[in-house]
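Working notes for the structure below.
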Amino acid sequence: MNKSDSERIAGILSHFGYIETENEKEADLLIINTCSIRQLSADKAYSQLGVWGKMKKSKPHIKIGICGCVAQQDKDNIRKRAPYVDLVFGTHNIYELPALIKRIENDEKVCAITNNPVICNQNDFKIIRKNSVNAWIPIIEGCNNFCTYCVVPFTRGRERSRKPEEIICEAENIIKEGFKEITLLGQNVDSYGKDFNDKNITLANLLRELNKIEGKFRIRFVTSYPSDITDDLINAAAECEKVCKYFHIPMQSGNSRILKEMNRRYTKEEYYNIVSKIRNRFPLVTITSDFIAGFPGETEEEFQDTLKAIDELELDYSNTAAYSPRAFTKAGKMTDKFIPEPVKYERLERLNEKNREVCLKSNEKFIGKVLKVLVEAKTEKDGKIILNSRADNNKIVHFESDKYNIGDFVNVKITKAQTWCLYGEIEE
Ligand code: SF4
């Protein structure tokens, strides 16, 4: 979502004649788009601001901005910690940027943080997309779930869906421009449309509409909330040939007591049922997840339930993190239950080891199978051209070819599996 926001910010800035530079020393305007999901990312943002603050001492004309979740959450602190910052704008204020830029260009110090998003048609603003093959389309922003460890409902606000016609128009334009993949984004993508009070506006129906757009392209959607995955969504994924058979469904813990403490609205058993329903429907599907090690009060036995779940569910890949206390959250206040740092990081190490093990197993299942891949990049190794691609089920596949190019769909027979990727050869 942050990367997508950055593309939108770059598009808006281009209206003012700003051109992106790879060399920050050449820049007249520096903006850091921040994430506050874990303390480490927030710390990195402040450290980057410090570097830019020093640069500004020798080049006072430089304008420095900060946006995203750290800006939204820390608005009162930023000025104290980094008084040289010219512009602070929150997650709800991106589309006010044209006016904000004019003000900082007139040497005003600006802080634009609101809790009410600016309602506009996002298609009225230019987007400078970084990737020439895959385009991100945010369809819903914010979250109503209030998982006890998560800061997102406080920084991104409550759920707000974009109108289906606006999304379809953006998708049509993207396909006309030559993109081969669209990824629908949302903190909880399955909630799409619930705020419209129209039972026909759902993620499933949006997929059906997008699937009708002419052209050779595919559709992904992230992130799914386990108990919000409906039978209709699974049916839509099955009906629509352009929709990738890939589900990212964060489980967070394999223990039902911890899930309750996290305020996740499902039990371990319910999660297992969802996974088996999807696996029964799509034989080559890939299911990935997210897990937290060392949530407050988690016992060793409860942590072991997570390792067991990853094994039993044969998850294809998981994002993992040690629990990081966040401001405003309920779990952040459970200080008496915090797990000591060494225990937390030791659990994370075991979680990562389990993840590596199941990833390799998952990849090995594909040896001998033919996957349809989309070429995303080209590299050269030992005089040979290697194409880096991604299969419909999100597996990364490398193969040798001087015949195909970035943006081509190719059938590849898998010949070798490693932990994080597959290797194959063209199957004509
Ligand atoms: S569903 Fe995801 S974004 Fe929403 S509160 Fe829970 S973890 Fe955060």
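Quick note: the sequence shown uses the working numbering, first residue 583, plus one each step. Glycine included, every Cβ here is placed at the ideal spot set by N, Cα and C. Every value quoted in this text rests on a predicted model; they were computed, and no experiment measured them.
{"Item": "Residue 709 classed as buried or exposed, judged by whether at least 16 other C-beta atoms fall within 10 angstroms", "Value": "buried"}
{"Item": "Any 3 or more C-beta pairs closer than 8 Å across the region 593-602 and the region 666-684", "Value": "yes"}
{"Item": "Range covered by the alpha helix (DSSP H) that runs through residue 616", "Value": "Looking at the DSSP string, residue 616 is not in any alpha helix (DSSP H); the run it does join, the beta strand (DSSP E), is 611-616."}
{"Item": "Terminal residues of the alpha helix (DSSP H) in which residue 982 lies", "Value": "Run containing residue 982: none in the alpha helix (DSSP H); it sits in the beta strand (DSSP E), 978-982."}
{"Item": "Complete runs of the alpha helix (DSSP H) confined to the region 699-761 [at least 4 residues]", "Value": "734-737 and 746-759"}
{"Item": "Inter-stretch contact at 8 Å, needing at least 3 Cβ pairs: the region 896-904 / the region 864-876", "Value": "yes"}
{"Item": "Nearest to residue 997 (by Cα), restricted to the options 733, 1007 and 730", "Value": "1007"}
{"Item": "Cβ pair residue 955, residue 1009 closer than 8 Å", "Value": "no"}
{"Item": "Contained alpha helix (DSSP H) runs [length at least 4] in the region 772-818, N- to C-terminal order", "Value": "785-793"}
{"Item": "Rounded separation between residue 721 and residue 969 - CA only", "Value": "31 Å"}
{"Item": "Close Cβ partners of residue 800 (< 6 Å) along its chain, the five nearest in sequence each way excluded", "Value": "763, 824 and 826"}
{"Item": "Beta-carbon proximity of residue 837 to residue 911, cut-off 8 Å", "Value": "no"}
{"Item": "For residue 934: DSSP bridge partner residues", "Value": "Note: residue 934 sits in no beta bridge, so no partner."}
{"Item": "Distance cut-off 7 Å: residue 735 Cβ against heavy atoms of the ligand SF4", "Value": "yes"}
{"Item": "Buried or exposed (CB count within 10 angstroms, at least 16 for buried), residue 926", "Value": "buried"}
{"Item": "Candidates 636, 727 and 717: closest to residue 847 by CA position", "Value": "727"}
{"Item": "Residues sharing a beta bridge with residue 647, DSSP", "Value": "613 and 669"}
{"Item": "Stretch-stretch touch, CB-based, cutoff 8 Å, three pairs: the region 850-870 with the region 957-967", "Value": "no"}
{"Item": "Residue 892 burial status per 10 Å Cβ neighbour count (16 or more: buried)", "Value": "buried"}
{"Item": "Residue range of the unbroken alpha helix (DSSP H) whose run includes residue 856", "Value": "850-863"}
{"Item": "Contact set for residue 959: own chain, Cβ-Cβ below 6 Å, skip 5 residues either direction", "Value": "970"}
{"Item": "Exposed unless 16 or more other CB atoms sit within 10 angstroms - verdict on residue 634", "Value": "buried"}
{"Item": "Segment contact, 8 Å Cβ cut-off, at least three pairs: the region 667-680 with the region 690-705", "Value": "yes"}
{"Item": "Whole beta strand (DSSP E) elements within the region 911-980, 3-residue minimum", "Value": "952-963 and 966-973"}
{"Item": "Neighbour-count burial assignment, residue 640, 16 or more Cβ in a 10 Å radius", "Value": "exposed"}
{"Item": "Distance, residue 772 Cα to residue 747 Cα", "Value": "18 Å"}
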